[in-house]
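Note sheet for the following structure.
In the working numbering, the protein residues as written are 67 to 141.
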């Protein structure tokens, strides 16, 4: 399968986690991100619905609305 490299901005913690991951873990993360980007940009896909689902899951994992808003404002 052909691959291309892109550059995305992430939180420092995410960058550190990716950098410290094993090569196998990075390949899995690359695949996961690729699939999520394709899903989010598919015709007929409601990006807001996807973002709301991601936010809901983040809250379930302890991310507060305030922190989420702060992260979104930084973008």
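We put the beta carbon where it would ideally sit given N, CA and C, even for glycine.
The three-state reading of DSSP puts residue 120 in helix, counting H, G and I together.
In this structure, the CA atom of residue 113 is about 21 Å from the CA atom of residue 77. With contacts defined as CB atoms closer than 7 Å, residue 106 and residue 116 qualify as a contacting pair.
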